[in-house]
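Here the structure is laid out as structure tokens; the discussion comes afterwards.
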Amino acid sequence: NHKWYEHSRLVTVNDYYAFDPNAKVSIEPFIDIMGRHFKQPKEGLGWDNSPSSHMWRTMIMPDRRL
197 NHKWYEHSRL
207 VTVNDYYAFD
217 PNAKVSIEPF
227 IDIMGRHFKQ
237 PKEGLGWDNS
247 PSSHMWRTMI
257 MPDRRL
């Protein structure tokens with residue numbers, strides 16, 4: 197009976213049923229965009245004190261919590 201339960205459920209159901217499992221997806225159209233907008237910090241991902249660094253550290257070291 198959580199007030200957001202239905203919202204999260206609709207997102208997961210719609211995500212699951214909205215995609216064609218047989219569709220062939222290519223990353224080619226996005227390579228140029230990623231190349232222009234992504235830069236590797238000198239300190240390395242997760243160690244540059246950016247707003248998203250804590251998320252990178254969690255992905256790099258999943259056994260260590262935030």
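Residue numbers (my numbering): 197 to 262.
No residue lacks a Cβ here, since even glycine has one placed at the ideal position from N, Cα and C.
Given the structure is predicted, the values throughout are model-derived calculations rather than measurements.
Nearest residue (CA-CA) to Pro237, options Met255, His198 and Ser246: Ser246
For His250 and Glu239, I'd like the C-alpha separation in whole angstroms. 14 Å
6 Å Cβ shell around His233 - same chain, five flanking residues per side excluded: Nothing meets the Cβ criterion.
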